[in-house]
Amino acid sequence: MSNLLVLAFLFAIGSLLGWCLEVVYRRFSPNNKSRRWINPGFLIGPYLPLYGFGLTALYLLAGIENTGLIEHVTAGSKAILFIIMAIVMTAFEYVAGLIFIKGMKIQLWDYSKQRFNIQGIICLRFSIYWALLGALYYFAVHPYIINAVIWLSQNITFSFFIGVFYGVIFVDLGYSLGIVSKIRSFAKENEILVRYEELKLQIRQSAAEHMQKQHWLLQFKSDVSIKEHLRRYFELQEAFFTEEIQEKILGKK
55 MSNLLVLAFL
65 FAIGSLLGWC
75 LEVVYRRFSP
85 NNKSRRWINP
95 GFLIGPYLPL
105 YGFGLTALYL
115 LAGIENTGLI
125 EHVTAGSKAI
135 LFIIMAIVMT
145 AFEYVAGLIF
155 IKGMKIQLWD
165 YSKQRFNIQG
175 IICLRFSIYW
185 ALLGALYYFA
195 VHPYIINAVI
205 WLSQNITFSF
215 FIGVFYGVIF
225 VDLGYSLGIV
235 SKIRSFAKEN
245 EILVRYEELK
255 LQIRQSAAEH
265 MQKQHWLLQF
275 KSDVSIKEHL
285 RRYFELQEAF
295 FTEEIQEKIL
305 GKK
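Per our numbering, the very first residue in the sequence shown carries number 55; after that it's consecutive.
Rendered as structure tokens:
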């Protein structure tokens, strides 16, 4: 049971820290020229499950050195370990992105403008970032986390914290999947792929234009229904697509 609590703790911490990392990254991203704070992911709360799975995987992979699978720890073996970490994290990212695109008709992120990308879901640049994060975890976190998580897993207060975290995230998941199901139905009906961040940006802009209160966490809470926002999103996408085609035609003349 203690091992399960350790993994549960790592997933929770990874989800929370990953959310913080994404918030800071998106705040200072070159694409965010207005330097606005963005709540990332499809859940409303301050956690990103992808990073939770990632931290759990990094913890398990870093433990390979203690299993005898690596007889002699060298700089080369460490480099291979970081590459494996990057591959595992990239695989998590690809599967998550593919599930949303194919199953939900939603694109959570888009790497199509990055070099060496696959279907706009993963790319070399972010795989390198995963390798660097893996190295950072290995040297700065893993040596100190083992004893800490074992102690916490045996602490009653810690178990209560884990229960609260998963209770909140499951409620959030139910709420967010309800929104996602509405988006999926609209996307299938109109045969489109909804870019999640673009839709959230449109809702924020609409609230600002109509002097309505903007909810940073509850980003889909609005005086306008989600179906109406989707209809406007669809119209804007069609207008943009038409304008893009016209520009290409004029460019050829």
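For every residue, glycine included, the Cβ atom is placed at its ideal position computed from N, Cα and C.
The region 195-203 in contact with the region 162-179 per 3-pair CB rule at 8 Å
no
Per DSSP, which residues does residue 171 bridge with? Please list them. 177
- In the DSSP assignment, what are the bridge partners of residue 249? 161
*For residue 155, does the three-state DSSP call read helix, strand or coil?*
helix
- Round the Cβ separation of residue 288 and residue 244 to the nearest angstrom and send it over; I've been treating them as touching at under 8 Å. 6 Å
- Query: My guess is that residue 68 and residue 117 are in contact by the Cβ rule of under 8 Å, so how many angstroms apart are they, rounded?
  - Reply: Actually they do not touch by this definition, with Cβ atoms about 15 Å apart.
Q | Cutoff 7 Å; reference residue 211; Cβ partners in own chain excluding five residues on either side | A | none
Q) Quick one: what does DSSP say residue 117 is sitting in, helix, strand or coil? A) helix
Requested in this report: Verify whether the separation of the beta carbon atoms of residue 352 and residue 72 is less than 8 Å.
Outcome: Not covered by the structure: residue 352. The range shown for the chain is 55 to 307.
Discussion item. If I measure Cβ to Cβ from residue 86 and keep anything under 8 Å in the same chain, skipping five residues before and after, which residues do I get?
Written reply: 80, 92
In the structure shown, what three-state DSSP assignment does residue 128 receive? coil
Spatial neighbours of residue 100 within its chain, please: CB distance less than 6 Å, with the 5 preceding and 5 following residues excluded, ordered by chain position.
73
Nearest neighbour of residue 271, chosen from 148, 89, 257, 284 [CA to CA]: 257
| query | Where does residue 94 sit, in a helix, a strand or coil, going by DSSP? | reply | coil
### Query
When the distance is taken between beta carbons, is residue 152 closer than 8 Å to residue 138?
no
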